[in-house]
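J.:
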Ligand SMILES: Cc1ncc(C[n+]2csc(CCOP(=O)(O)OP(=O)(O)O)c2C)c(N)n1
Ligand SMILES: [Mg+2]
């Protein structure tokens, strides 16, 4: 099962290497990992998607919590969260197919961010299922390139309040 | 936590970073350090010249690291080791990994090339923090000289609290030279590092209820008892609630092995009575132990009839290998104190009768009538003549297991051995570190010939600092433990497991130590007596039966009760 872990980490060199190294050394699999600054310049946020049964993920969480530069780790399993991926995808778009493709983009609430003679670059944002559905739908036109951020997530207000 | 405050004078005092390092080490109570010189630690060594700190120079940084480690194991204080950048730092790695696996509080200080050269493949540059990250509890590089003192304070705090471990501080040479203002010590503030102190009351009550209800309980205790200085509380609990105790290799000394309640060591080469008792118990109370594969054998069948209480300070240790019915996160000592209040005495006559039967039927045995010197005989003789009071250190291999089986430990910190990593070559430097910590006391390294070969150069160190360590080489002319596996599992094909040894007694004398060789059984007692009377470092080379095996043995992956060798025991009864 997929688990989304959210870690608040000190904004110091080596923390990312530490996390990545720990995953490798303990044979845990990372599905995706994102890092970004927070409003506090001292802290960064890592969102890590891990695949594994509950026991493995619990061990991952504990091992993360042990890292001195990691301030806090949460497993969002069972919580109501907003989870988003961002994808840039370049789709083959010969003139005769463009109306179809634009309709598709519209349907997904996606955006055209660049356009060339043969391709359009599309920005898709949303839950992972939506991103994957777009890839499936666009595949028949020909996909040249995909870049994804990996999941970022936050617990919904009501839930994080009661925590 | 450090509460020390430096004087805060009106006019700011400025000092070089190297002096700040030394001052902070003194402030942290460091009396002895181990380590080796090199270009980028020269400013630091210059300040150590006048410092009130005793400094021991090993012959290899690995040796220095094991010395600091054993100093910590013997005293409970933080061991400190210093090395230069590059090769000095990489030579520490085996020692750091050894300390990490056994949760030993250690602070390693390494020199680093100038900050402006970092990343340029400068002379003797190595990515020390990168290399040591997985084998330290924490590490950091100081890039602002104003952070020096606080980083060192944090290192001591992290190393010695919670589940202890080695912490490395990498200090570029320009940080040591920079002149900085002396500031009063601040309390350590580490937002990502929390030490659990309060134990969960409800978990304690659940544990106590389970203990009081149990017909066949057993305490399974590890190095955590010794680290937490909880041996007295453990013994009290075992006696009050009337529960037998089995110990891991690192847990030996947690309870006096002379006690009726001791079931000695469990696991791959543990006692049959401990292993049977674990498999039969209805309640397993693990304290400061981590269900290592050398202890549990096949996990699926380990203590499969039992409810499991797991007490550990490290939440990640709990349910890592085996789910716990009653997990208790907390310091071993505090938890045991709480438990003591709630447990009651139970007689459990059937359980103790069963255990007594196993004990009677399967004590550790060897062929006492043999002509050759049996390794176990040497260890029993050392036990007899030291009255079980010596501090014992080992290498890794068969001799280590025989020492664990045949020396009877009475007190915590009496047995110093590399358990988790199983580091050959640990013995001699560890004996030196322990002897530094325990002046005037008897420290004996019971070593293997191959293990001793790895770090015997440290005999120079023992001679130079007049540390009268005693080395007993259980010389079977083999990597004995490897040979045993080859005999049992590889059809006796002894591939590459025998090495040509030097004459160890001559080697010892060349180093300026005393050397003796014993080739006959009747010479063992006198040699041990002479060794114990010796006031200089001393090596005794015992030529033992070459193909003796360690029994019982749970083959890797088998269940704990599926021990080999019990028939051999019975044939010797
Ligand atoms: C540094 C290191 N290298 C290799 C091993 C694997 N190993 C474990 S025991 C052993 C043989 C030890 O031989 P010796 O020190 O003579 O002890 P004996 O088993 O003969 O008592 C070896 C090679 C190890 N534990 N440590
Ligand atoms: Mg040997």
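Residue numbers (my numbering), protein chains in the order written: chain E, 494 to 656; chain C, 45 to 617. Idealized CB from N, CA, C, for every residue including glycine.
(1) Can you say whether residue 265 of chain C is buried or exposed, counting buried as having 16 or more other CB atoms within 10 angstroms of its CB?
(2) So, does the region 379-397 of chain C touch the region 249-265 of chain C, judging by three or more C-beta pairs under 8 Å?
(3) Of all the options C:528, C:428 and C:533, which has the alpha carbon lying nearest to the alpha carbon of residue 570 of chain C?
(4) Residue 702 of chain C CB to nearest chain E CB: under 7 Å?
(5) Along the region 534-558 of chain E, where does the CB come closer than 8 Å to a CB of chain C? Name the residues.
(6) Should the region 363-378 of chain C be called in touch with the region 323-340 of chain C, which here means at least 3 C-beta pairs below 8 Å?
(7) Give me the DSSP bridge partner(s) of residue 537 of chain E.
(8) Listing by chain order, which chain C residues have their CB less than 7 Å from the CB of residue 528 of chain E?
(9) Take residue 135 of chain C as the anchor and find which of C:273, C:155 and C:146 has the nearest alpha-carbon.
(10) At the 7 Å Cβ level, is residue 656 of chain E part of the contact set with chain C, yes or no?
(11) Please confirm whether residue 216 of chain C has its beta-carbon closer than 7 Å to some beta-carbon of chain E.
(12) Indicate whether the contact test is met: 3 or more Cβ pairs, each with one atom in the region 89-101 of chain C and one in the region 135-150 of chain C, closer than 8 Å.
(13) Under 7 Å between C-beta atoms, does residue 562 of chain E make it to chain C?
(14) Closer than 7 Å, Cβ to any Cβ of chain C: which residues of the region 504-528 of chain E, in chain order?
(15) Given residue 589 of chain C, which residues of its chain have a CB within under 8 Å of its CB, disregarding the five upstream and five downstream residues?
(16) Just how far apart, CA to CA, sit residue 611 of chain E and residue 577 of chain E?
(17) Count the other C-beta atoms from every protein chain shown that fall within 10 angstroms of the C-beta of residue 46 of chain C, then say buried if there are 16 or more, exposed otherwise.
(18) For residue 128 of chain C, I'd like the list of residues in its chain whose CB is within less than 8 Å of its CB, leaving aside the five on either flank, ordered along the chain.
(19) With respect to the alpha helix (DSSP H) encompassing residue 18 of chain C, which residues constitute its N-terminal and C-terminal limits?
(20) On the premise that residue 531 of chain E lies in contact with residue 540 of chain E, defined as a C-beta separation below 8 Å, what is that separation, rounded to the nearest angstrom?
(21) If you follow the beta strand (DSSP E) that residue 600 of chain C is part of, which residue opens it and which one closes it?
(22) With a Cβ-Cβ cutoff of 7 Å, do residue 182 of chain C and residue 202 of chain C count as a contact?
(23) Can you tell me which residues form a DSSP beta bridge with residue 238 of chain C?
(24) So, residue 553 of chain E versus residue 521 of chain E, is the Cβ gap smaller than 7 Å?
(25) What in chain E is Cβ-close to residue 182 of chain C, meaning under 7 Å?
(26) Under 7 Å, Cβ to Cβ, is there at least one residue of chain E near residue 360 of chain C?
(27) Taking 7 Å as the threshold (C-beta atoms), are residue 608 of chain C and residue 597 of chain C in contact?
(28) Answer with yes or no whether the minimum CB distance from residue 237 of chain C to chain E is below 7 Å.
(29) Three-state secondary structure (DSSP) at residue 647 of chain E?
(30) Report the rounded CA-to-CA distance for residue 594 of chain C versus residue 225 of chain C, giving the unit in angstroms.
(31) Using only the heavy atoms of ligand 2, determine whether one of them is closer than 6 Å to the beta carbon of residue 524 of chain C.
(32) Measure the CB-CB distance between residue 603 of chain C and residue 438 of chain C and report whether it falls below 7 Å.
(33) Does the count of Cβ pairs from the region 284-298 of chain C and the region 454-464 of chain C closer than 8 Å reach three?
(34) Quick one: measure Cβ to Cβ for residue 560 of chain E and residue 543 of chain E, integer angstroms, because I've assumed they're closer than 8 Å.
(35) Can you pull the chain E neighbours of residue 177 of chain C, defined as C-beta to C-beta under 8 Å?
(36) Between residue 474 of chain C and residue 568 of chain E, what straight-line distance do the alpha-carbon atoms span, to the nearest angstrom?
T.: For this structure:
(1) The residue is buried, with at least 16 neighbouring Cβ atoms inside 10 Å.
(2) They touch, by the three-pair rule.
(3) For the options C:528, C:428 and C:533, the alpha carbon positioned closest to that of residue 570 of chain C is the one of C:428.
(4) The displayed coordinates of chain C run from 45 to 617. Any statement about residue 702 of chain C would go beyond what the structure contains.
(5) Hits within the stretch, in order: 548, 551, 552, 555, 556 and 558.
(6) Counting C-beta pairs closer than 8 Å gives three or more between the region 363-378 of chain C and the region 323-340 of chain C, which meets the contact rule.
(7) Answer by DSSP bridge pairing, in chain order: E:502 and E:530.
(8) Within chain C, no residue comes near residue 528 of chain E; the closest Cβ sits about 15 Å away, beyond 7 Å.
(9) It is C:155.
(10) Note on residue 656 of chain E: pLDDT 45, under 50, position unreliable in the model; the coordinate value appears next. Among the CB atoms of chain C, none fall inside 7 Å of the CB of residue 656 of chain E.
(11) Not an interface residue.
(12) Segments in contact, no.
(13) Closer than 7 Å: yes.
(14) Sequence-ordered contacts of the region 504-528 of chain E with chain C read 507, 510, 511, 514 and 518 [C-beta pairs closer than 7 Å].
(15) The residues are 414, 416, 417, 418, 419 and 520.
(16) Distance between the alpha carbons of residue 611 of chain E and residue 577 of chain E is about 29 Å.
(17) Confidence in residue 46 of chain C is poor, its pLDDT being 49 and thus under 50, which makes the residue's placement unreliable; the coordinate value appears in the next sentence. Here residue 46 of chain C is buried. Its C-beta has 16 or more other C-beta atoms within 10 Å.
(18) Spatial neighbours of residue 128 of chain C in its own chain (CB-CB distance under 8 Å, excluding positions within 5 residues in sequence) are listed in chain order as 80, 81, 82, 83, 84, 85, 154, 155 and 168.
(19) Here chain C comprises residues numbered 45 to 617, so residue 18 of chain C is not present and cannot be evaluated.
(20) At roughly 12 Å, the Cβ-Cβ gap does not stay under 8 Å, so residue 540 of chain E and residue 531 of chain E are not in contact.
(21) Following the DSSP letters along the chain, one finds residue 600 of chain C in no beta strand (DSSP E), marked with neither H nor E.
(22) A contact, by the Cβ cut-off of 7 Å.
(23) Note: residue 238 of chain C sits in no beta bridge, so no partner.
(24) Yes.
(25) Per Cβ cutoff of 7 Å: 561.
(26) Closer than 7 Å: yes.
(27) Judged by beta-carbon spacing, residue 608 of chain C lies within the 7 Å limit of residue 597 of chain C, meaning their Cβ atoms are closer than that value.
(28) Interface residue (Cβ-Cβ distance to chain E less than 7 Å): residue 237 of chain C is classified as such.
(29) Of the three classes helix, strand and coil, the one that applies to residue 647 of chain E here is strand, per DSSP.
(30) Computed Cα separation, rounded: 60 Å.
(31) Yes, the Cβ of residue 524 of chain C comes within 6 Å of a heavy atom of ligand 2.
(32) Not a contact, by the Cβ cut-off of 7 Å.
(33) Enough Cβ pairs lie closer than 8 Å, so yes.
(34) With a Cβ gap of about 15 Å, residue 560 of chain E and residue 543 of chain E do not count as contacting.
(35) Near residue 177 of chain C (Cβ distances below 8 Å), the residues of chain E are 507, 510, 511 and 514.
(36) Roughly 42 Å between the two C-alpha positions.
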